[in-house]
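If you're matching positions, the first sequence starts at 2 in the numbering used here and goes up one per residue. C-beta: ideal position from N, C-alpha, C; glycine also. On a predicted model such as this, the values are computed, not experimentally measured, just so you know. Reading through the structure tokens given below for one structure.
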Amino acid sequence: MIDVSAQGIDAPRTPLSREFYARDPAIVARELLGKWLIRQAADGAISAGRIVEAEAYLSSRDRACHATRGKSPKNATMFGPAGHAYVYAIHARWCLNAVTEGIGVPSAVLIRAMEPLVGIDLMQLRRGLEKNLDLARGPARLCAALDVTKHYDGWDLTAGRELWIADDPTLNGKQLKIIRSRRVGVTSAHHRLLRFFIAGSPYVSGRRSVLTARHSALFRRPAT
DNA sequence: CTACCGATTGACT
DNA sequence: GTCAATCGGTAGA
Numbered sequence: 002m003i004d005v006s007a008q009g010i011d012a013p014r015t016p017l018s019r020e021f022y023a024r025d026p027a028i029v030a031r032e033l034l035g036k037w038l039i040r041q042a043a044d045g046a047i048s049a050g051r052i053v054e055a056e057a058y059l060s061s062r063d064r065a066c067h068a069t070r071g072k073s074p075k076n077a078t079m080f081g082p083a084g085h086a087y088v089y090a091i092h093a094r095w096c097l098n099a100v101t102e103g104i105g106v107p108s109a110v111l112i113r114a115m116e117p118l119v120g121i122d123l124m125q126l127r128r129g130l131e132k133n134l135d136l137a138r139g140p141a142r143l144c145a146a147l148d149v150t151k152h153y154d155g156w157d158l159t160a161g162r163e164l165w166i167a168d169d170p171t172l173n174g175k176q177l178k179i180i181r182s183r184r185v186g187v188t189s190a191h192h193r194l195l196r197f198f199i200a201g202s203p204y205v206s207g208r209r210s211v212l213t214a215r216h217s218a219l220f221r222r223p224a225t
């Protein structure tokens, strides 16, 4: 359930490798759950949290992917090497992706929600909001909480400075319960199950009632 | 230059 | 549940 044991722990410094990202985006999205997303501001202040929700966008074989109709200045980063940040604007807000697969294959994982763990005061300040649950619940809220803007489009997430992703130092081999569902807000390829989130996490985006219904439906299993 | 559109959010009934 | 504000990116005149 809600794991607050990580609060007060230092953010991990060792970034995930290029090889981690250079795989199928559905696998990367699935495996990014539980990882820490870390932001270090110019003055050294750290803000970070645990990724609880991510979506895969599969290059030319996915109609919902921004790169499905070819390269443009906006999506150029997705055509570059894996492990770089792809930051784009939607409805006047920023969203953060991690580029996956190889050069010339424009796929990525959208990081949709995070459980705030470190630097919560700073994230509250950036969001103009106190409520911990809503600080990074949604891709644009997450970017606002971490002050991720167009400035970080193309940023190398494997360099381990300013913005990176690392293994959870508190996980200790624990297995996460993960649910797979349709992606949020996409207008094409709506049926594809390319959204992944941690079961029961209150930091996952979407309406609570919808989440609970979907949750129980997907968890129902025939007795064995 | 103008005219849309959207991987969103927050306010509202 | 509904709805519209918001503005960067993009296409087209």
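### Query
How many Å lie between Arg184 and Ala27 at the Cα?
Rounded to the nearest angstrom, the two C-alpha atoms are 12 angstroms apart.
### Message
Buried or exposed, going by whether 16 or more other CB atoms sit within 10 Å of the CB of Asp122?
### Response
Looking at its Cβ environment, which holds fewer than 16 other Cβ atoms inside 10 Å, Asp122 is exposed.
### Task
Work out the CA separation of Arg162 and Arg181 for me, nearest whole Å.
Computed Cα separation, rounded: 31 angstroms.
### Task
Tell me, please, which residues DSSP counts as bridged to His85.
Residue pairing by DSSP places His85 opposite Asp157 in a beta bridge.
### Message
For a test of the three-state rule: what should DSSP assign to Ala146, helix, strand or coil?
### Response
It is helical.
### Query
Can the beta-carbon of Ala160 be found less than 8 angstroms from the beta-carbon of Leu111?
For Ala160 and Leu111, no; Cβs fall outside 8 angstroms.
### Task
Give every residue of the same chain whose Cβ lies closer than 7 angstroms to the Cβ of Asp157, excluding the five residues on either side of it in the sequence, and list them in chain order.
So the list reads Gly84, His85, once near-sequence residues are dropped.
### Query
How many whole angstroms separate the CB atoms of Cys96 and Ala49, which I take to be in contact at a CB cut-off of 8 angstroms?
With a beta-carbon spacing of about 18 angstroms, Cys96 and Ala49 fall beyond the 8 angstroms limit used to define contacts.
### Query
Is the beta carbon of Gly35 sitting closer than 8 angstroms to the one on Ile10?
It is not a contact, given that the beta carbons lie outside the stated cut-off.
#### Entry: alpha helix (DSSP H) segments (min. 4 residues) lying fully within the segment 24-92
Within the segment 24-92, the runs of alpha helix (DSSP H) at least 4 residues long that lie entirely inside it are, in chain order, 26-33.
### Query
Got a sec? Which residues, its chain only, sit under 8 angstroms from Gly81 by beta carbon, not counting five neighbours each side?
The residues are Val100, Ile104, Gly155.
### Query
Which residues bound the beta strand (DSSP E) around Leu111?
Element bounds for Leu111: 108-119.
### In DSSP terms, what Thr171 is bridged to
In the DSSP output, where bridge partners are listed per residue, Thr171 has none listed.
### Message
If I measure Cβ to Cβ from Arg31 and keep anything under 6 angstroms in the same chain, skipping five residues before and after, which residues do I get?
### Response
Shown here for Arg31: same chain residues with a beta carbon closer than 6 angstroms to its own, the five before and five after excluded, namely Phe197 in chain order.
#### Entry: C-alpha gap between Glu131 and Gln125, whole angstroms
Roughly 5 angstroms separates the two Cα atoms.
### Query
Where do the ends of the alpha helix (DSSP H) carrying Arg19 lie?
Residue range 19-22 is occupied by the alpha helix (DSSP H) that includes Arg19.
### Task
Check the C-beta distance from Arg138 over to Tyr204 and give it rounded, since I have them as a contact under 8 angstroms.
Indeed they touch by this definition, with Cβ atoms about 6 angstroms apart.
### Task
Tell me whether Glu20 is buried or exposed, calling it buried when 16 or more other Cβ atoms sit within 10 Å of its Cβ.
With fewer than 16 other Cβ atoms within 10 Å, it is exposed.
### Query
Taking Cβ positions, are Tyr153 and Ser108 nearer each other than 8 angstroms?
Contact: no.
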